[in-house]
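Residue numbers (our numbering): 43 to 267.
Even for Gly, the Cβ is constructed at its ideal location relative to N, Cα and C.
Taking it in order: structure first as structure tokens, then the write-up.
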Ligand code: SF4
């Protein structure tokens, strides 16, 4: 098992990849602020976070399933885990039957130009790694977008696992050094609840002096060490 200093909450992977500076403000400075977007996201998750077990789409639906993976140093919550009876599925002790498992991650807004955002994809992959390890299976993975009411299936490749590993190593190194990453070039700040704390325009000039750590710039490639 990893030390508690090297454990990463699944949702913070998404936060880090969206804006490493915002993640650093929350993780190292313990900064937090809410705005309308945060409240909207909380409301959208209210139903799925209720922990209730339902049935729909020929599946048993478990909400807010707590998961972890010691090897990857990950822990967190799966919004929605669907269980479909299958003789070739994994054994679920609670029901005394075999099931195929599907993870569904809820998001408020669908992206405009792609099926899913890379940072959201890494969050979903982290959930899958945890669930696959616990249930000894190969979960299917989907996003559900509340605005379009559509599901999008996601399949992960070797590269995605490597990129997640690189990201977790990067986060652990930053955590150990208590360093807040600089604001990345082209950072989109619309809707960020930490704007008043971050003051991104002033932060840019601070960056010029402080930037020395390699930060992912959303190209999708793993930077050279
Ligand atoms: S205001 Fe922009 S740069 Fe600052 S934390 Fe938010 S998203 Fe990141």
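Using the three-state DSSP reduction, which class does residue 74 fall into: helix, strand or coil?
coil
Could you spell out where the alpha helix (DSSP H) holding residue 214 opens and where it closes?
200-219
For the region 181-195 and the region 135-155, state whether three or more C-beta atom pairs, one from each stretch, are separated by less than 8 Å.
yes
Is residue 216 closer than 8 Å to residue 167 when the C-beta atoms are compared?
no
Which stretch, first to last residue, makes up the alpha helix (DSSP H) that contains residue 182?
Premise fails: residue 182 lies in the beta strand (DSSP E), 182-187, not in any alpha helix (DSSP H).
What residue from 190, 203 and 58 has the CA that sits closest to residue 170's CA?
203
Taking contact to mean at least 3 C-beta pairs separated by less than 8 Å, is the region 105-119 in contact with the region 52-60?
yes
Using the beta-carbon count (16 or more within 10 Å), is residue 72 buried or exposed?
exposed
Skipping 5 residues on each side, what residues in its chain have a beta carbon closer than 6 Å to that of residue 111?
171, 172 and 175
How about residue 212 and residue 56: do their beta carbons lie closer than 8 Å?
no
Chain-order list of residues whose beta-carbon lies under 6 Å from that of residue 222 (same chain, five-residue window excluded)
66 and 70
Got a sec? Which residues, its chain only, sit under 7 Å from residue 108 by beta carbon, not counting five neighbours each side?
119
Host alpha helix (DSSP H) of residue 174 (start-end):
160-177
Closer than 5 Å between the C-beta and any heavy atom of ligand 1: which residues qualify, listed along the chain?
61, 63, 64, 225, 229, 231, 234, 236, 237, 240 and 242
Do residue 164 and residue 59 count as a contact pair if the criterion is CB distance below 8 Å?
yes
Quick one: Cα of residue 243 to Cα of residue 128, how far?
54 Å
Can you say whether residue 62 is buried or exposed, counting buried as having 16 or more other CB atoms within 10 angstroms of its CB?
buried
Distance, residue 135 Cα to residue 180 Cα
17 Å
In the DSSP assignment, the alpha helix (DSSP H) including residue 53 goes from what residue to what residue?
52-60
Mind checking residue 190: buried by the 16 CB within 10 Å criterion, or exposed?
exposed
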